[in-house]
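Inspection log for the structure reproduced underneath, given as structure tokens.
In the numbering used here, the protein residues as written are 27 to 445.
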């Protein structure tokens with residue numbers, strides 16, 4: 027199949043310009059295309075993966091990707107539906123731009139026969155004087171058209187309105203497309219569907235100045251089967267930076283995908299084939315409790331973003347929580363994330379297991395704790411407690427100075443030992 031058919035099957039296309047012309051250009055190819063990412067935070071989030079996934083499919087089809095990091099547009103801020111953006115300091119934006127560059131270079135192929143290339147729009151935007159901006163760019167934009175763009179119209183109708191700074195953002199983005207056409211022969215811009223108006227503005231600018239027809243293709247906002255937005259953990263955004271959201275929590279986000287949504291998410295966020303996804307769809311229908319599709323989704327996306335080693339650690343952590351793995355294999359950070367929601371209490375080496383059960387609230391009293399141990403229902407680090415006199419030993423202390431105490435298979439507590 028051609029790449030457009032593949033993207034359509036995966037649900038990665040929302041809007042597009044002349045599809046017949048675009049498909050023809052792709053078939054004649056290879057073409058150069060780009061997608062822009064503004065440093066408005068220190069990290070990308072899971073929503074950005076949709077555009078990156080679209081880019082990766084085009085790259086695998088032989089087309090040449092340009093990854094634009096918005097060192098200039100990040101200083102201005104793309105208009106939001108509600109409220110003016112806070113303008114961040116230049117050094118902050120520069121640091122965020124570098125962080126985004128590093129993340130993106132792990133998500134696409136920057137080596138081999140068809141490597142992606144990173145560009146920064148600060149390289150050409152900072153050279154524009156105010157007069158150049160008005161004469162060379164501004165004269166090609168009709169104010170009426172700019173006012174009619176959805177996000178601008180909504181902001182104008184709101185109490186806070188919109189500043190000239192954010193209103194001008196669409197001209198800067200259009201100029202990016204023009205510069206990339208002139209510098210690299212770029213003839214396709216891809217991006218989120220909320221950027222459609224800005225992207226078409228760039229296409230129109232190239233037509234006016236270069237008398238050339240170029241293309242625009244957007245990916246949809248990913249929603250769940252009930253129509254709500256697919257995103258956010260209890261702690262907030264699903265960040266790709268492991269310091270902002272641990273690989274364990276990232277993995278759990280995907281693992282918790284509903285049965286009604288998981289096949290769609292496999293199409294969008296993984297590179298699994300049609301045959302593989304069909305098998306997983308069958309598994310969801312026949313063995314929903316096994317959650318095979320969710321585990322495939324969580325494994326694939328976590329490996330893509332954080333690497334195979336991180337995925338192995340979080341899968342081991344999941345096994346630890348179910349009593350199926352020796353917790354000694356886990357590092358302190360992964361173990362801490364895995365047991366973050368379990369009840370905890372202070373403990374010491376030499377403390378009796380009976381007292382540990384009571385302190386953690388796993389038993390109401392010492393007599394009940396002794397009976398549970400005697401019946402074989404207590405585990406220390408997933409190993410059955412030997413008898414009622416057992417104590418916590420130094421060999422029981424795991425990375426991060428914790429000991430796992432379990433009553434039965436489901437009731438887990440964490441002893442926090444003083445360092």
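Backbone N, C-alpha and C define an ideal beta-carbon position, used for all residues, glycine too.
The continuous alpha helix (DSSP H) containing residue 210 extends over residues 195–210. Between the alpha carbons of residue 257 and residue 391 lies a gap of roughly 43 Å. Judged by DSSP in its simplified three-state form, residue 39 adopts coil rather than helix or strand. Per DSSP, residue 433 is one residue of the beta strand (DSSP E) stretching across 428–433. The shortest CA-to-CA distance from residue 320 to any of 334, 279, 355, 335 is the one to 279. For residue 329, no beta strand (DSSP E) run applies; the uninterrupted alpha helix (DSSP H) run containing it begins and ends at 318–332, by DSSP. Residues of the same chain with a CB within less than 6 Å of the CB of residue 296, apart from the 5 flanking positions on each side, are 326 in chain order. Across the set 229, 171, 143, 199, the C-alpha of 143 shows the shortest separation from the C-alpha of residue 93.
For residue 85, the secondary structure class from DSSP, reduced to helix, strand or coil, is helix. In this structure, the straight-line span from the alpha carbon of residue 123 to that of residue 62 is close to 11 Å. Membership of residue 442 in the beta strand (DSSP E) is indicated by the continuous run 437–443. Taking all protein chains in view, the Cβ of residue 145 is crowded by 16 or more other Cβ atoms within 10 Å, so the residue is classified as buried.
By the Cβ neighbour-count rule, residue 314 is exposed, with fewer than 16 other Cβ atoms within 10 Å of its own. Apart from sequence neighbours up to five positions away, the residues of its chain that approach residue 95 with a beta-carbon distance below 7 Å are 63, 65, 123, 126, 127, 144, 146, ordered along the chain.
Excluding its 5 nearest sequence neighbours in each direction, residue 67 has C-beta neighbours in its own chain below 7 Å: 122, listed in chain order. DSSP lists 378 as the bridge partner or partners of residue 417. The three-state reading of DSSP puts residue 63 in strand, counting E and B together.
Nearest neighbour of residue 342 by Cα position, chosen from 333, 354, 331, turns out to be 354. The C-alpha of residue 301 is placed about 13 Å away from the C-alpha of residue 32. Cβ neighbours of residue 30 within its own chain (closer than 8 Å, five residues either side excluded): 39, 45, 48, 49, 52. Setting aside the 5 residues that flank it on each side, residue 180 is surrounded in the same chain by 107, each with a C-beta closer than 7 Å to its C-beta; the list follows chain order. Using a Cβ distance threshold of 8 Å, residue 203 and residue 232 count as a contacting pair. Per DSSP, the beta bridge partners of residue 144 are 93. By the Cβ test, the stretch 66–83 is not in contact with the stretch 183–196, since fewer than three Cβ pairs between them sit closer than 8 Å.
The residues 265, in chain order, have a CB closer than 6 Å to that of residue 271 in the same chain once the five nearest residues on each side in sequence are set aside. Spanning the alpha carbons of residue 352 and residue 281 requires a straight line of approximately 22 Å. Setting aside the 5 residues that flank it on each side, residue 283 is surrounded in the same chain by 291, 320, 323, each with a C-beta closer than 7 Å to its C-beta; the list follows chain order. Of the residues 363, 82, 109, 99, the one whose Cα lies closest to the Cα of residue 115 is 99.
Remark: C-beta atoms of residue 224 and residue 196 approach each other more closely than 8 Å. Annotated three-state conformation of residue 406 is strand, per DSSP. A direct Cα-Cα distance of roughly 22 Å separates residue 428 from residue 396. Under the DSSP assignment, residue 244 falls in the beta strand (DSSP E) whose first and last residues are 241–245.
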